[in-house]
Amino acid sequence: MSKWTRRETLKAGASAAALAAMGGVIPRAALAAKQFDGAITIGSIEPLTGIGAALGAPNYIGKLIAIDEINAKGGIAVGGKNFQIKLISEDDQTSPDQGVPLFRKLAEKDKCLIITGTQYSRVTESMWGLLQKKLDDKSDPGLQVPSMSFLSMKAGVAGISPWSFRNAGNEPEQHETTLSVVEKKYGPYKVYGGAVEANEAHSVAAWRAAYLPALKRRNVEPAAYVEWYETDRDFSVQIRKLKRANLDLFVLSSHFQANVGALLEAKRQGFKPKTIISHIGADAIEMVQLGGDAVEGIVFPAAVHQSMSLVQPLAVEYKKRTKEKYMPQFTGLGYEGMYILKHAMETAGIKNTPESLQEDRRKVRDVLAGLKNYKSFAGMTLNMNENRDIVRPTYLVKIDKGDFRMWWDQEKGFLF
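Numbering (the numbering used here) for the sequence shown: 16 to 431.
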């Protein structure tokens, strides 16, 4: 199984960060004798324990690596001063009941300038429900704090509030690309079908807002459709139904927790469609550690990949800290996200005083909303659209011989 545990997640940061995070407070980089003029407090919410930790922990470690670098290079430069980033980390345990009060705590008690997180869309949309729904609406008592998720993928989730943002990409566009590319490579297909993780908001939205419209554009009706939960252990009935339909393209709108069990059952029953595509929930080392050859050949979209030349230094640092052999895209998104926030804070002209907190929050929000032609560490140019989602290229990854290999690039085409 994956090496992820709560303790190991924290050890992946600097030692001071680990000790602080054990109490759920402020992780910070172990710095040289650098004098700062103060600190800027940023909140961080993700699942660090429980079923979602395998996705939350890599994202969190990406944030820590970025913060270590930023602080070591002088922190955030504002008004002739240099401020250290202090990250207050909280564990939502993949539960809206945990995430909502933690979000309020970070905004009101901890006075965070910005709140980052979380990963699972069902938690993110619950937390963002606390935010103001209409900008400058004095009748709306919602929180006014910029919040950016570096992973949540549910289509439209950033539309909850003008204070909410994402950098993970446009999922309907990602899956249209995925379908088009696999059809070009392996098609034509005659029989399409799918499975959905019915308890997870992202997976349901991916099916309804991305996959079904894409199939409709092709005048295709799914020949078979089944549902399961991420915690299910028996997939025999669903796989039997899918096998009877004789699918040649199988859409797996599900995270790795259910994917592994379902595909092991598919192998047992001899259900082997020509092509299987999934969403970013398949981007977890547990897929190959637990699924073995049952998960071979799955194709899913990615925003960044460890093989990219500009991403490789981050991958090296991630593997050094975690002892894992693979860095999922979530680490890159967390790392990138912190640098986007650095850009926003330095561009906004914040004062970083207790009295200026709300004014500073609004300034940062406005810079994020207007983000254009931002150069990502990974090399691509990013733009924020009117829905507060960052527009970015889509890449495709394929599980091949137990490895997560970049399979298709928009500029280079098929890589193997």
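Just so you know, even glycine gets a beta-carbon here, dropped at the ideal spot from N, CA and C. Remember, it's a predicted structure, so these values are computed and weren't measured experimentally.
When Thr337, Tyr389, Met302 and Asn261 are compared, the shortest CA-CA separation from Gly417 is found for Met302. Beta-bridge partners of Val406 (DSSP): Asn398.
With a minimum length of 4 residues, the unbroken runs of alpha helix (DSSP H) contained wholly in the stretch 108-138 fall at 111-119. Per DSSP, Gln50 lies in no beta strand (DSSP E) segment and is marked neither H nor E.
In this structure, the beta-carbon distance from Pro228 to Pro187 falls below 8 Å.
Counting only the Cα atoms, Gly347 lies some 24 Å from Leu194. Scanning Gln108, Tyr354 and Ile291 for the CA closest to the CA of Ala81 turns up Tyr354. Judged by their CB atoms, Glu351 and Ser391 are nearer to each other than the 8 Å cut-off. About 6 Å separates the Cβ atoms of Ala297 and Phe271, confirming a contact at the 8 Å cut-off.
Excluding sequence positions up to five before and after His320, its CB lies within less than 7 Å of the CB of Val326, Gln344, Tyr410, Val412 and Met421, all in the same chain and listed in chain order.
Per DSSP, Ile103 is one residue of the beta strand (DSSP E) stretching across Lys96 to Asp106. Selection Lys338, Met142, Arg248 and Ala281 evaluated against Lys256 yields Ala281 as nearest (Cα-Cα). Separation of Ala221 and Gly174 (C-alpha to C-alpha, rounded to the nearest whole angstrom) is 16 Å.
Here DSSP, grouped into helix, strand and coil, assigns Val275 to helix. Spanning the alpha carbons of Val93 and Arg119 requires a straight line of approximately 27 Å. Nearest neighbour of Gln108 by Cα position, chosen from Glu84, Leu145 and Gly65, turns out to be Gly65. Judged by beta-carbon spacing, Met163 lies within the 8 Å limit of Thr131, meaning their Cβ atoms are closer than that value.
Within a 10 Å sphere around the beta-carbon of Tyr226 sit 16 or more other beta-carbons, which makes this residue buried. Take the alpha-carbon of Glu84 and the one of Ile100: they are about 10 Å apart. In this structure, Ser293 sits near Leu267, with a CB-CB distance shorter than 8 Å. Assignment of alpha helix (DSSP H) within the stretch 268-338, counting only whole runs of 4 or more residues, yields 271-284, 301-306 and 327-337 in chain order. For Asn234, the closest C-alpha among the options Leu117, Tyr207 and Gly71 is that of Tyr207.
Boundaries of the beta strand (DSSP E) harbouring Ser162: Ser162 to Ser164, taken from the DSSP string. Thr139 places its beta carbon 8 Å or farther from that of Ile103.
The beta carbons of Gln113 and Gly67 sit about 11 Å from each other, so the pair does not count as a contact at 8 Å. Our two residues, Arg377 and Arg403, have alpha carbons roughly 15 Å apart in a direct line. In the three-state reduction of the DSSP assignment, Trp423 falls in the strand class, which pools E and B. Looking at Gly306, Pro116 and Ser110, the one whose alpha-carbon comes closest to that of Asn214 is Ser110. When rounded, the separation of the alpha-carbon atoms in Ile91 and Asp375 is 14 Å. Counting along the chain, no alpha helix (DSSP H) covers Ser154, and no H or E run does either. Check the Cα spacing between Val160 and each of Phe429, Ala210, Leu145 and Trp423: the tightest is with Leu145. Judged by DSSP secondary structure, Tyr240 falls within the beta strand (DSSP E) whose first and last residues are Ala239 to Trp243.
With a cutoff of 8 Å on beta-carbon distance, Ala299 and Leu121 are scored as not near each other. The Cβ-Cβ distance between Ala359 and Leu383 falls below 8 Å. The C-beta distance from Ser269 to Ala210 rounds to 6 Å, short enough to meet the 8 Å contact threshold.
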